[in-house]
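Asks: Residue numbers (the working numbering): 1480 to 1688.
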């Protein structure tokens, strides 16, 4: 694990890590998690959720949920994303997760992955690459990704033609081709282009949506 960016000492009080999963997909919700860890949490099981195997993430999730002082997961639907844009949806999902945690424990400082900060009623620090360096954010990242992956597997059972269980809604070639062939499902983000990247001028002239 890389060195922590912050020494999470008593000056920060109760620290809550926040992260989201699902900003880039063409379909499905954006999911966020909030986690407050105890001082003796086994941080060696944590890591950037994108670098961990599915088995490692699922094993870590069990321990996070068992040993954390508080945790919560929240989401923003594809329909909401279309209304407020993906950045605002990501911040809203984190705020919803935080509000759930705050109902159980008082939080002094929220550490958020990235360079944007949700509007919370506590001190908020945005940390670039926090999901690879800050245990609380790593834990939140793991919970968010696992929860979203499970949701997309359920969606695969309902709309098998898109193979959501395989790509989780991300813009793979197979997924784009399915969208062009079958149209969009109710969980697709209609404000996202399904065309291949690199043809922006053409996309501006003729939108699939």
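Glycine included, C-beta positions come from ideal geometry on N, C-alpha and C. What you are looking at is a predicted structure, and each value in this text was computed from that prediction instead of being measured.
1. If I measure Cβ to Cβ from residue 1684 and keep anything under 7 Å in the same chain, skipping five residues before and after, which residues do I get?
2. Once you ignore the five residues that flank residue 1574 on each side, which residues in its own chain have a CB closer than 6 Å to its CB?
3. Name the residue from 1629, 1632, 1640, 1507 whose alpha carbon lies nearest to the alpha carbon of residue 1569.
4. Taking its Cβ as the centre, do 16 or more other Cβ atoms sit within 10 Å of residue 1558, making it buried, or is it exposed?
5. So what's residue 1582 in DSSP terms, helix, strand or just coil?
6. Tell me whether residue 1601 sits in a helix, a strand or coil according to DSSP, three-state version.
7. Sorted by chain position, which residues of the same chain lie with C-beta nearer than 7 Å to residue 1584's C-beta, five sequence neighbours on each side aside?
8. For residue 1616 and residue 1635, which I take to be in contact (beta-carbon distance under 8 Å), what is that distance rounded to the nearest angstrom?
9. State the DSSP-derived secondary structure class of residue 1666, mapped to helix, strand or coil.
10. What's the gap between the Cα of residue 1532 and the Cα of residue 1564?
11. If the criterion is Cβ atoms closer than 8 Å, does the pair residue 1590 and residue 1607 meet it?
12. So, helix, strand or coil for residue 1493, using DSSP?
13. List the endpoints of the continuous beta strand (DSSP E) containing residue 1512.
14. Less than 8 Å separating the beta-carbons of residue 1586 and residue 1601?
15. Around the C-beta of residue 1629, are 16 or more other C-beta atoms found within 10 angstroms, so that it is buried, or is it exposed?
16. Does the beta-carbon distance from residue 1577 to residue 1495 come in below 8 Å?
Replies: This is what the structure gives:
1. Any reading at residue 1684 is ruled out, since the residue's pLDDT is 31, under 50, leaving its predicted position unreliable.
2. 1597
3. 1507
4. A residue is called buried when at least 16 other Cβ atoms come within 10 angstroms of its Cβ; residue 1558 does not meet this threshold and is exposed.
5. Residue 1582 carries a coil assignment under DSSP once its states are collapsed to helix, strand and coil.
6. Here residue 1601 sits in coil by DSSP.
7. 1493, 1515, 1548, 1549
8. Actually they are not in contact, since the Cβ atoms of residue 1616 and residue 1635 sit about 28 Å apart, beyond 8 Å.
9. Correct three-state label for residue 1666: coil.
10. The straight-line gap separating the alpha-carbon atoms of residue 1532 and residue 1564 is approximately 30 Å.
11. no
12. coil
13. 1509-1515
14. The answer is yes: Cβ separation under 8 Å.
15. Residue 1629 is exposed by the Cβ-count criterion.
16. yes
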